[in-house]
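Remarks on the structure that follows.
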Amino acid sequence: MIDRGGIVLNVIELNNICKAFGDNHANQNVCFNLKKGEIHALLGENGAGKSTLMNVLYGLYSCDSGDIVINGDVVEVENPRKAIEHGVGMVHQHFMLVPQLTVTQNIFLGMKEAGLFLKMNELEAKVNHLNESFGFNVDPHAVIWQLPVGVQQKVEILKALMREARILILDEPTAVLTPNEVEELFKSIQKLTESGYSIILITHKMEEVLDYCDRVTVMREGKVVSTMLVSETNHDILAKAMVGRDVCLDRIIEPQDRGEVLLKLENITVKNDKCLVAVNNVSLDVGRGEILGIAGVDGNGQLELGEAVVGLRKIENGKMFLMGQDTTNAVPRVMMDLGMAHIPDDRHKKGLVLDFTVKENLILGSQRDAKYHQGLMMNYNKVEQEAKKMVEEFDVRPRDIELTGGMLSGGNQQKVILAREVSRNPEVMIALQPTRGLDIGAIEFVRGKLIEERKNNKAILLVSTDLDEILTLSDRIAIMYKGEIIGMVSPDTPVEEIGLLMGGVKKRTSKGVA
Amino acid sequence: MKEKLISLIRPLIAIVISLILGALILFIAGYDVADAFGAIWNASFRNLRTITTTFNKSSPLLFVGLAVAISFRGNVFNIGAEGQLLMGAVFATLVGLYFTALPGFLLIFLMLLAGTIGGALWAFIPGYLKAKYDVSEVITTIMFNYIALNFIGYLVRGPIRDTTQAEPQSFSIARQGFLPEMIPGTPLHFGYLLGVVLAVVLFYMLFKTYVGYEVRAVGLNKDAAKVAGVNVRKTIVGTMLISGALAGLGGAIELANIHYLLEGISPGYGFTGIAVAILANSNPIGVVFSSFLFGFLNAGATSMQRSAGVSASFVQIFQGIMIIAIALATVAKKSLTKKIEKKLDVKPHVQVIEEVKQ
Ligand SMILES: Nc1ncnc2c1ncn2[C@@H]1O[C@H](COP(=O)(O)OP(=O)(O)O)[C@@H](O)[C@H]1O
Ligand SMILES: [Mg+2]
């Protein structure tokens with residue numbers, strides 16, 4: 009947009025926005041601007057205040073002070089309708105589509121243009137027109153519930169476009185998408201910017217910023233840390249800006265001798281929920297002081313393997329030994345008593361009782377430990393004492409042990425689980441997808457704890473679909489493909505080779521370190 | 176702490192709302208509201224005798240209320256408190272009829288014990304089926320209610336029928352098996368006191384022991400409990416056993432209170448017990464109060480009909496309104512907390528749709 013003087017104007021300027029929820033200053037003097045045609049990332053950890061800022065812009069919250077300038081005019085955005093009038097549309101992380109209706113019906117739901125009598129053909133033509141312009145490829149007849157999330161998200165974007173939004177806010181759009189869908193999404197976004205649309209992309213993933221965006225504004229604890237051109241920044245600068253200190257996700261494992269074998273699997277076979285063989289004749293062992301990483305593309309049996317080891321899934325065939333004892337198909341209690349700890353892959357479903365308080369969650373599984381009860385009665389004083397220590401040591405924020413588990417952010421929920429499992433002082437630790445969905449600070453913390461446990465001579469079995477994670481943490485890497493261990497390599501193996509193995513291609517020359 | 180306060184406020188709001196709605200209904204139907212409410216109040220609080228009668232009437236509700244409350248805490252939907260109460264009464268009757276040589280104290284003790292076992296047995300089978308084969312306890316317990324009811328019908332028409340009576344009912348139990356009065360000359364019996372004591376015990380069990388911790392963990396998230404090494408099946412069966420035992424004990428006490436078995440021994444106590452537990456938010460201490468409230472309303476029903484001409488069924492309507500109100504209060508509270516958590520994610524779309532519609 010060219011102004012009288014020929015200077016490029018910002019389509020949006022947010023000046024000194026302040027917004028507090030009680031004592032919680034979610035936005036403090038935040039300044040932000042968006043240029044026409046750019047993809048501007050709003051980067052920050054969970055709770056940094058990104059969504060709050062955008063909700064102010066979108067008229068869902070009114071700010072305490074500061075002003076909003078859209079296309080050069082100071083405007084009052086009292087509600088989303090106003091925002092839409094000014095050409096601002098927003099797509100939230102959770103969609104609000106009517107599952108039973110078609111794409112077209114959803115897009116025009118509530119729009120005056122649809123009229124009283126729906127002329128479906130005309131409306132569908134409009135949808136198709138947008139489709140063609142931006143390469144969305146959404147079938148206007150399709151019924152929402154039958155569509156994958158990636159497509160549903162496109163419908164949300166189409167909804168905003170149909171309402172003539174020229175500025176699109178996307179709040180963590182990639183959180184629910186597969187890598188392929190992410191790529192498609194950004195292709196469409198790029199087409200949009202080429203046609204003069206401007207995009208604000210909220211995210212906590214630095215890769216997306218570096219790969220697809222033009223500028224980035226980093227927020228931390230309610231304030232803007234800096235705004236940079238993506239071409240002039242890099243991973244480390246962004247990470248530091250986001251977390252407020254140097255973050256290191258590099259491999260920092262010191263070599264250390266592998267001790268006695270604590271966990272041993274002999275030719276085990278496990279079935280998945282559909283009763284198909286998911287783990288086929290797998291043998292492994294994990295020794296003291298080592299992390300054995302299991303790599304593989306999601307769905308190749310690694311989770312079923314992990315679940316079988318912790319006693320949640322039946323071992324159909326083969327044997328398992330924990331601390332030298334035969335624990336084939338033992339119940340979780342027995343494994344725990346022998347010294348096994350378990351970080352489940354699904355925090356909400358398997359890791360926490362969300363309606364329990366943090367302190368209650370911190371003793372889940374230890375409630376029968378001698379120190380926590382006298383006779384039948386729980387010793388809640390002791391529980392509180394230990395819980396306070398744990399939240400301190402594991403940096404659970406806020407430090408309130410009376411909050412319910414569901415009120416914590418994902419990273420802090422994971423810290424609660426980690427605190428609980430580590431303080432049980434286990435010998436063997438099974439970590440399933442321990443950092444999935446966490447932001448970078450939390451990832452660093454969780455990985456740091458796993459490394460610490462390794463240093464303390466624990467045996468750790470790590471299952472992760474994040475190859476970087478496996479490469480950073482493991483002493484040895486087992487690659488699973490279609491239920492079998494297709495290769496066992498050392499972490500200095502070239503990534504390409506591991507990638508091939510993950511795809512099922514076995515090279516005869518790969519050097520094993522079994 | 177805040178949570179505890181809210182759990183107190185909610186039933187109170189529900190009661191107030193239902194009072195207002197109830198008054199409104201009476202008014203619209205053309206009755207004298209003050210008269211009707213006055214009659215209910217008087218029926219209970221006129222004198223010591225009426226008050227103790229109310230306690231007497233709330234006794235079975237107290238026991239089934241506790242039974243349902245504990246099952247809710249463990250996420251088992253025990254609709255079978257009715258049948259468990261009936262079986263408790265049956266077991267107590269048999270002991271009271273056939274162990275006539277025993278001294279009073281021992282006989283009463285045995286009757287209550289038998290009732291407890293009877294109720295627990297009746298709950299064990301549905302509990303076991305749920306734990307082991309994931310059979311819906313709702314369906315099995317409802318079935319078991321019918322079995323129990325018809326079993327009583329068979330007993331009081333056949334083997335233990337007192338033929339001197341016109342209506343089918345059993346012989347009276349041994350005299351020394353009658354429940355002793357707590358305040359002489361009034362219907363308040365020691366069974367009620369036992370119920371209150373058990374409510375306190377249950378409260379401690381649920382919130383202060385590791386057994387209760389496990390019951391609640393299984394109730395709130397059985398997967399997480401299982402991952403953490405809790406024996407989920409055992410806990411579910413255990414919860415059902417305690418639940419059934421309480422209902423059975425309530426039945427035995429009711430039997431020892433009225434002295435003989437008849438088909439109509441329970442006017443649906445087991446079902447009212449569900450309402451009692453819901454109103455109390457499944458808190459055992461709360462059940463003491465909510466069961467008294469329901470007992471109070473039931474006690475007033477007939478006297479309201481007599482003196483104000485309002486049908487006794489009005490009390491049931493009133494109780495129904497109360498349950499709806501409490502359910503609404505629960506939903507309202509949930510959406511309130513959800514709102515705080517998810518305000519950013521959910522609300523906006525609803526609003527957008529509404530905004531754009533205008
Ligand atoms: N509706 C709300 N009520 C109270 N506090 C809120 C509300 N929305 C957000 N917050 C708080 O404001 C801070 C910033 O949150 P948010 O903007 O959602 O962060 P982000 O989107 O960067 O993860 C957090 O501490 C959060 O708990
Ligand atoms: Mg957010």
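Chains A and B are the protein sequences, given in the same order. Just so we're aligned, residue 9 is where the first sequence starts under the working numbering, counting upward by one. Just so we're aligned, residue 176 is where the second sequence starts under the working numbering, counting upward by one. Where a beta carbon is used, it is the ideal one built from N, C-alpha and C, also for glycine.
- Here residue 369 (chain A) carries a helix assignment [DSSP, helix/strand/coil].
- In chain order, 357 and 358 make up the part of chain A whose C-beta sits under 7 angstroms from the C-beta of residue 398 (chain B).
- Residue-level contact check: residue 373 (chain B) does not touch chain A, since none of the beta carbons of chain A fall below 8 angstroms from its beta carbon.
- Taken in chain order, the complete alpha helix (DSSP H) segments of 4 or more residues contained in the region 372–413 of chain A are 388–401.
- In chain order, 206 place their CB closer than 8 angstroms to the CB of residue 484 (chain B), counting only its own chain and leaving out the 5 sequence neighbours on each side.
- For ligand 1, no non-hydrogen atom lies closer than 7 angstroms to the CB of residue 233 (chain B).
- Taking one beta carbon from each stretch, the region 221–234 of chain B and the region 281–299 of chain B have fewer than 3 pairs nearer than 8 angstroms; the two do not touch.
- With fewer than 16 other Cβ atoms inside 10 Å of its own Cβ, residue 506 (chain B) counts as exposed.
- Under the 8 angstroms criterion on CB atoms, residue 373 (chain A) is classed as interfacial with respect to chain B.
- Ranking A:468, A:420, A:435 and A:337 by CA distance to the CA of residue 453 (chain A) puts A:420 first.
- A heavy atom of ligand 2 is found nearer than 7 angstroms to the CB of residue 179 (chain A).
- One thing to note: residue 260 (chain B) has its Cβ within 8 angstroms of the Cβ of residue 441 (chain B).
- In the three-state scheme derived from DSSP, where H, G and I count as helix and E and B as strand, residue 184 (chain A) is classed as coil.
- Judged by their CB atoms, residue 298 (chain A) and residue 484 (chain A) are nearer to each other than the 8 angstroms cut-off.
- Here the alpha carbons of residue 294 (chain A) and residue 407 (chain B) stand approximately 30 angstroms from one another.
- Within the chosen limit of 7 angstroms, ligand 1 reaches the beta carbon of residue 32 (chain A) through at least one heavy atom.
- Residue 59 (chain A) has its Cβ nearer than 7 angstroms to a heavy atom of ligand 1.
- In this structure, DSSP gives residue 335 (chain B) a state outside helix and strand, which the three-state scheme calls coil.
- Bounds of the beta strand (DSSP E) holding residue 237 (chain A) are 231–237.
- Among the bridge pairs identified by DSSP, residue 469 (chain A) is matched with A:300 and A:438.
- The beta carbon of residue 233 (chain B) lies closer than 6 angstroms to those of 466, 467 and 470 in the same chain, with the five residues before and after it left out.
- For residue 447 (chain A), no Cβ of chain B is located within less than 8 angstroms of the residue's own Cβ.
- Between residue 381 (chain B) and residue 390 (chain B), the gap from beta carbon to beta carbon is short of 8 angstroms.
- Under DSSP, residue 345 (chain B) forms a beta bridge with B:336.
- Shortest Cα-Cα distance from residue 156 (chain A) to any of A:143, A:197, A:179 and A:105 involves A:105.
- In terms of Cβ geometry, residue 273 (chain A) and residue 326 (chain A) form a close pair [threshold 8 angstroms].
- The Cβ of residue 126 (chain A) sits no closer than 8 angstroms to any Cβ of chain B.
- A straight line joining the alpha-carbon of residue 373 (chain B) with that of residue 245 (chain B) spans about 12 angstroms.
- Counting along the chain, residue 18 (chain A) sits inside the beta strand (DSSP E) bounded by residues 18–29.
- Ranked by Cα distance from residue 498 (chain A), the first of A:256, A:142 and A:302 is A:302.
- Proximity of the beta carbon of residue 56 (chain A) to ligand 1 is indicated: a heavy atom of the ligand is located closer than 7 angstroms.
- Chain A places no beta carbon closer than 8 angstroms to that of residue 407 (chain B), leaving this residue out of the contacts.
- Residue 176 (chain A) is a Cβ neighbour of residue 97 (chain A), given a cutoff of 8 angstroms.
- By the Cβ rule, the region 336–355 of chain A counts as touching the region 393–403 of chain B, because three or more pairs are nearer than 8 angstroms.
- The residue among A:488, A:217, A:369 and A:318 with its C-alpha nearest the C-alpha of residue 288 (chain A) is A:488.
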